[in-house]
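Residue numbers (the working numbering): 418 to 457.
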């Protein structure tokens, strides 16, 4: 295992959970926008 490969794995391990949190958060925001439009 090279240092570059190790850094790449660490980067992926760090990014994946963040990506899913952002994706989940954006879906919640879309739902909130949809409900506020219905209320108006």
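Every residue gets a Cβ at the ideal spot worked out from N, C-alpha and C, and that includes glycine.
Span separating the alpha-carbon of residue i from that of residue j
i	j	result
residue 429	residue 447	27 Å
residue 425	residue 437	18 Å
residue 450	residue 439	16 Å
residue 433	residue 443	15 Å
Boundaries (first-last residue) of the alpha helix (DSSP H) holding residue i
i	result
residue 453	420–456
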